[in-house]
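In the numbering used here, the protein residues as written are 13 to 275.
We treat Cβ as the ideally placed atom computed from N, Cα and C, and that holds for glycine.
Here is the structure we will look at, set down as structure tokens.
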Ligand code: BTN
């Protein structure tokens, strides 16, 4: 079992956030959540750390996680495998809605779920699947948001592409933001399980900063260039190429997604 938290709090009623384990420092909250999931921690168990020593982003990139940010991982136990690809979309929309409500900033979702403000990255979501022999598979939803940390304290390459709520003049308590995110997640997670997903996809479309723009998406299948025209019912990005053909690229196969004019 993992090291003990310095505190366990009840952040909200409902499944998500009933049990929140708080740490001062961890390697990655996703690592801890994975260990807890393997030890049968219930759905909704959440791990939060003030800092991470080896936080990770999508596609193996490091994720710098100094004190002041929101670094959290939530254990989900979806019963319907079919809609798992939509979980990252649901979490991205939930985080965007919560940030808009709490901090009153305009968020753009860069496909699949980068949280952007003024064309800079405020946060991101890393969903990992966890299988063990003793339990049914769990999903670990890792959420990283620059809240009270300053982007100027990040390494030089990130200092110009990242942004924090503090940089935007917003003083937000990371745990308060987490509570709101979990509430928004709970609303959107249930419909994903029962396959009622059209409202979620519409919400994503409205928040998207990718649709209508020129994109280049790299995947193991190759590199796709064109205009992002929509997402399909699985959350895959639909790209219209110069020959008018449409290709759909799923977020799980995308290694890199660049949007013209954004990051
Ligand atoms: C991305 O690349 O955009 C995803 C970033 C996800 C970072 C969060 S911070 C909490 C959790 N623990 C990690 O190691 N990563 C995620």
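At what residues does the alpha helix (DSSP H) containing residue 268 begin and finish? Counting from one through the chain shown, the residue named residue 268 turns up at place 256. Taken as a continuous stretch (DSSP letters only), residue 268 belongs to no alpha helix (DSSP H), being part of the beta strand (DSSP E) at 266 to 271.
Within its chain, find whatever has a CB closer than 6 Å to the CB of residue 62; leave out the 5 residues flanking it on each side and keep chain order. If you number the chain shown from 1, residue 62 lands on position 50. Counting only Cβ-Cβ distances below 6 Å, and skipping sequence neighbours, we find 36, 79.
Please state the DSSP three-state secondary structure of residue 123. Numbered from 1 along the chain shown, position 111 holds the residue referred to as residue 123. Looking at residue 123 - three-state DSSP - the assignment turns out to be coil, as it is neither helix nor strand.
Length at least 3, wholly inside the region 161 to 242: the beta strand (DSSP E) runs in chain order: 226 to 231
Beta-carbon contacts of residue 231 that lie in its chain and below 8 Å, excluding the five residues immediately before and after: Indexing the chain shown from 1 puts residue 231 at position 219. Same-chain partners within the cutoff: 261, 265, 266, 267.
Can you look up residue 47 in the DSSP assignment and give me helix, strand or coil? Taking the first residue of the chain shown as 1, we reach residue 47 at position 35. The answer is helix: DSSP assigns residue 47 an H, G or I state.
Candidates 209, 215, 270, 107, of which the one nearest residue 237 by Cα: In the chain shown, residue 237 corresponds to position 225, counting from 1. Taking only the C-alpha atoms, the option nearest residue 237 is 270.
Leaving aside the five residues before and after residue 282 along the sequence, list all residues of the same chain whose C-beta is less than 6 Å from its C-beta, in chain order. Here the chain comprises residues numbered 13 to 275, so residue 282 is not present and cannot be evaluated.
What does the Cβ neighbour count give for residue 130, buried or exposed, with the cut at 16 atoms within 10 Å? Residue numbering aside, residue 130 sits at position 118 when the chain shown is read from its first letter. Exposed, since its Cβ has fewer than 16 Cβ neighbours within 10 Å.
Cα separation between residue 13 and residue 108? Along the chain shown, one-based indexing puts residue 13 at 1. Along the chain shown, one-based indexing puts residue 108 at 96. A caution first: residue 13 carries a pLDDT of 45, below 50, which makes its placement in the model too unreliable to give a value.
Residue from 89, 72, 192, 126 with nearest C-alpha to residue 222: Along the chain shown, read from residue 1 onward, the residue named residue 222 stands at position 210. Comparing Cα-Cα distances from residue 222 to each of 89, 72, 192, 126, the minimum goes to 126.
Residue 159, buried or exposed, once every other Cβ within 10 Å from all chains shown has been counted against 16: The residue you call residue 159 lines up with position 147 of the chain shown. Burial state of residue 159 is buried, judged by a 10 Å Cβ sphere holding 16 or more other Cβ atoms.
What I want to know is whether the C-beta of residue 138 ends up closer than 7 Å to one or more non-hydrogen atoms of the ligand BTN. Stepping through the chain shown from its first residue, residue 138 is reached at position 126. Residue side-chain check: residue 138 places its Cβ nearer than 7 Å to a non-hydrogen atom of the ligand BTN.
Integer-rounded CB distance, given that residue 172 should sit under 8 Å from residue 133: Residue 133 sits at position 121 when you count from the first residue of the chain shown. Residue 172 sits at position 160 when you count from the first residue of the chain shown. Between residue 172 and residue 133 the Cβ distance is about 11 Å, and since that is not below 8 Å, they are no contact.
How far does the beta strand (DSSP E) with residue 150 in it extend, from its first residue to its last? Residue 150 sits at position 138 when you count from the first residue of the chain shown. Here the beta strand (DSSP E) through residue 150 covers 150 to 157.
By DSSP, does residue 84 sit in helix, in strand, or in coil? As a working note, residue 84 is residue 72 in the chain shown. It is a strand residue.
Roughly how many whole angstroms lie between the Cα atoms of residue 155 and residue 137? Here residue 155 is taken as the residue at index 143 of the chain shown, counted from 1. Here residue 137 is taken as the residue at index 125 of the chain shown, counted from 1. Spanning the two alpha carbons is a distance of roughly 5 Å.
Got a sec: does the ligand BTN put a non-hydrogen atom nearer than 7 Å to the Cβ of residue 141? Your numbering for residue 141 matches position 129 in the chain shown. For residue 141, the CB stays at least 7 Å from every heavy atom of the ligand BTN.
Residue 51 beta carbon less than 8 Å from that of residue 209: Along the chain shown, read from residue 1 onward, the residue named residue 209 stands at position 197. Along the chain shown, read from residue 1 onward, the residue named residue 51 stands at position 39. No; because the gap between Cβ atoms is not below 8 Å, this pair is not in contact.
List in chain order: all unbroken beta strand (DSSP E) runs of 3+ residues lying wholly within the region 18 to 81. 19 to 21, 32 to 38, 58 to 64
Let me confirm a value: residue 251 is counted as buried when at least 16 other C-beta atoms fall within 10 Å, else exposed. Which label applies? Position 239 of the chain shown, counted from the start, is the residue given in the question as residue 251. By the neighbour-count rule (16 or more Cβ atoms within 10 Å), residue 251 is buried.
Measure the Cβ-Cβ separation of residue 92 and residue 247 and say whether it is below 8 Å. If you number the chain shown from 1, residue 92 lands on position 80. If you number the chain shown from 1, residue 247 lands on position 235. No. Outside cutoff.
Excluding the 5 residues preceding and the 5 following residue 200 in the sequence, name in chain order all residues of the same chain whose CB lies nearer than 7 Å to its CB. Your numbering for residue 200 matches position 188 in the chain shown. If we look at residue 200 and ignore the five residues flanking it on each side, its Cβ neighbours are 102, 105, 106, 212.
Proximity test, residue 64 beta-carbon vs the ligand BTN heavy atom, cut-off 7 Å: Taking the first residue of the chain shown as position 1, residue 64 is located at position 52. Residue 64 Cβ: within cutoff of the ligand BTN.
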